[in-house]
RNA sequence: UCCUCUGUAGCUCAGCGGUAGAGCGGGUGGCUGUUAACCACUAGGUCGUUGGUUCGAUCCCAACCGGAGGAGCCA
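Have a look at this one:
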């Protein structure tokens with residue numbers, strides 16, 4: 007089957023002449039003597055306008071029954087459009103109906119609510135919005151690999167089924183086998199011990215960084231948290247670079263460079279789709295993305311942030327106090343009202359951070375950092391890892407963890423330990439930031455949230 | 001897990017203590033180089049479920065179920 011993609015046709019300076027195009031009908035306007043078909047093949051946001059004169063081969067069988075949602079094959083000439091609104095149009099010489107759409111095709115030409123679109127997740131990529139979202143998602147995945155590969159990072163596939171529990175990362179899904187309706191436990195466990203779906207590849211990533219220097223992971227992660235918000239999903243994708251011979255400063259530099267790289271690439275490679283978001287989803291999107299691309303980010307220590315929030319005069323629902331976690335409202339104030347740009351907060355009190363983060367010399371804080379962006383909040387969380395054997399052991403004990411569960415992790419500090427650091431970036435949150443789409447369910451093809459695992 | 005909002009036609013919503021309406025979508029016909037086309041006609045609903053109050057409930061009350069938003073936790 008040979009076809010020309012719509013994106014190739016519409017980008018032409020001169021007519022490509024005779025082409026065959028296949029796609030889905032977005033809308034059709036009939037008159038007595040001819041029909042206009044808006045054809046979309048997903049290769050770009052724009053449709054190709056097809057002009058089909060009554061009487062051409064396939065008009066009765068191909069064009070007339072082709073209502074919204076139908077798939078068609080059109081052969082014809084690309085000619086300059088007589089009408090307003092498009093440069094090129096396809097003057098059809100032959101139309102073939104590939105697949106009719108039944109009368110109850112749910113996508114209308116008019117806008118639908120996001121809730122309804124979620125209920126038809128198998129059809130929503132055929133809409134302008136979701137087509138654009140998922141083209142951008144694909145491009146950003148590609149760009150992430152490019153960013154790291156160009157910098158000499160090695161891509162590591164950390165396991166999805168894991169026996170390790172990356173402490174502090176939340177509730178986990180158990181992986182079990184069944185005997186009929188009975189879950190096999192104890193001696194019967196498939197792996198001989200309890201296993202889970204991974205909540206993070208970080209600990210395994212550290213082992214590879216302590217061999218290949220600079221590595222990254224990029225894969226699905228799972229959290230069994232019962233959280234109902236627009237920013238949480240039970241299954242999501244995460245990018246986790248880990249670097250040997252690296253401290254917190256270089257870690258923050260990398261996180262910021264990565265955000266800038268991705269935003270810059272999106273602005274260039276996804277201009278049409280971002281323009282659509284800017285018009286219909288978030289009027290300030292392009293301005294904000296250009297700002298992020300061109301300006302430097304703010305950096306502030308946790309202690310400075312607490313002082314700043316206390317002195318702000320702003321009324322918060324939750325108290326600002328050294329030693330307490332920054333609440334969403336506090337993060338939002340910093341990044342949306344005070345600095346009005348992405349902000350990295352670092353050096354958090356050790357009590358509110360997990361065991362693997364490196365203790366600072368002040369004895370009170372750890373070398374942790376969160377990169378906050380306007381509208382989303384935390385998009386990156388990272389730290390320099392504790393590389394000193396005795397300090398790590400003490401941390402495990404302080405957190406009430408059994409060292410025997412982490413023997414392989416502790417080994418890294420026994421055999422040629424090195425300063426190292428890394429971070430985790432939520433892929434869907436990045437996409438929310440880049441597209442302006444407000445709900446995480448709308449930037450992942452088939453979202454899994456508590457109580458919902460359709461499709 | 002907690003708090004708030006919400007559930008009427010395929011979709012988006014209006015409505016009212018006396019058993020329902022619009023726009024879009026669908027169907028039929030017409031018309032026009034149209035472009036969220038236009039015009040006319042037409043078919044669609046046990047008003048989320050179960051109880052209760054009432055002469056009478058889609059409307060008031062309760063519980064449950066579903067959806068959404070926020071908090072916490074995090075990415």
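In the numbering used here, the protein residues as written are 7 to 461.
The C-beta atom is built at its ideal place from N, Cα and C for all residues, glycine as well.
Collapsed DSSP secondary structure at residue i in the structure displayed
i           : result
residue 383 : strand
residue 412 : helix
residue 46  : strand
residue 231 : coil
residue 208 : helix
residue 459 : coil
residue 375 : strand
residue 462 : The first residue shown for the chain is 7 and the last is 461, placing residue 462 beyond what the model contains.
residue 421 : coil
residue 454 : coil
residue 131 : helix
residue 448 : helix
residue 178 : coil
residue 160 : strand
residue 321 : coil
residue 258 : helix
residue 326 : coil
residue 309 : helix
residue 24  : strand
According to DSSP, residues forming a beta bridge with residue i
i           : result
residue 41  : 36 and 58
residue 239 : Beta-bridge pairing links residue 239 to no other residue.
residue 304 : 349
residue 167 : 203
residue 391 : 363
residue 188 : 185
residue 247 : 222
residue 442 : Partner(s): none; residue 442 has no beta bridge.
residue 29  : 78
Enclosing beta strand (DSSP E) for residue i [first to last residue]
i           : result
residue 426 : 426-432
residue 70  : Neither: residue 70 is in no beta strand (DSSP E) and is coded neither H nor E.
residue 100 : 94-105
residue 85  : 77-86
Host alpha helix (DSSP H) of residue i (start-end)
i           : result
residue 353 : Premise fails: residue 353 lies in the beta strand (DSSP E), 349-355, not in any alpha helix (DSSP H).
residue 13  : 12-16
residue 125 : 120-125
residue 285 : 277-286
residue 148 : 134-156
residue 337 : 334-338
Option in the options with minimal Cα separation from residue i
i           : options               : result
residue 345 : 305, 277 and 394      : 305
residue 250 : 402, 392 and 397      : 392
residue 328 : 321, 118, 342 and 313 : 313
residue 66  : 89, 52, 38 and 216    : 38
residue 58  : 85, 52, 341 and 48    : 85
residue 144 : 228, 279, 377 and 122 : 279
residue 298 : 40, 52, 136 and 377   : 377
residue 28  : 17, 34 and 81         : 81
residue 462 : 32, 296, 373 and 20   : Because the chain is modelled from 7 through 461, residue 462 falls outside the range shown and cannot be assessed.
residue 370 : 45, 359 and 283       : 359
With three or more beta-carbon pairs closer than 8 angstroms as the criterion, would you say the stretch 375-392 touches the stretch 335-349?
Contact holds: three or more Cβ-Cβ distances are below 8 angstroms.
Are the stretch 65-80 and the stretch 99-113 in contact at 8 angstroms, needing three or more beta carbon pairs?
Yes, since at least three Cβ pairs between the stretch 65-80 and the stretch 99-113 fall closer than 8 angstroms, the two stretches touch.
With contact counted as at least three CB pairs below 8 angstroms, one residue from each stretch, are the stretch 268-279 and the stretch 431-445 in contact?
Touching, yes.
Does the pairing of the stretch 439-455 with the stretch 277-291 give three or more beta-carbon distances under 8 angstroms?
Remark: three or more beta-carbon pairs, one from each stretch, lie closer than 8 angstroms, so the stretch 439-455 and the stretch 277-291 are flagged as touching.
Check whether the stretch 213-228 touches the stretch 243-261, counting contact only when three or more Cβ pairs, one atom from each stretch, lie closer than 8 angstroms.
The stretch 213-228 is in contact with the stretch 243-261.
Using 8 angstroms as the threshold, is the stretch 122-132 in touch with the stretch 447-454, meaning 3 or more CB pairs across them?
Verdict: yes, contact present.
So does the stretch 390-404 actually touch the stretch 360-371, counting three or more Cβ pairs closer than 8 angstroms?
Enough Cβ pairs lie closer than 8 angstroms, so yes.
For the stretch 308-326 against the stretch 397-410, do three or more pairs of beta-carbon atoms, one drawn from each stretch, fall closer than 8 angstroms, so that the two count as touching?
Segments in contact, no.
Quick test of the definition: if touching needs 3 or more C-beta pairs under 8 angstroms, does the stretch 225-232 touch the stretch 415-426?
With fewer than three CB-CB distances shorter than 8 angstroms, the stretch 225-232 does not count as touching the stretch 415-426.
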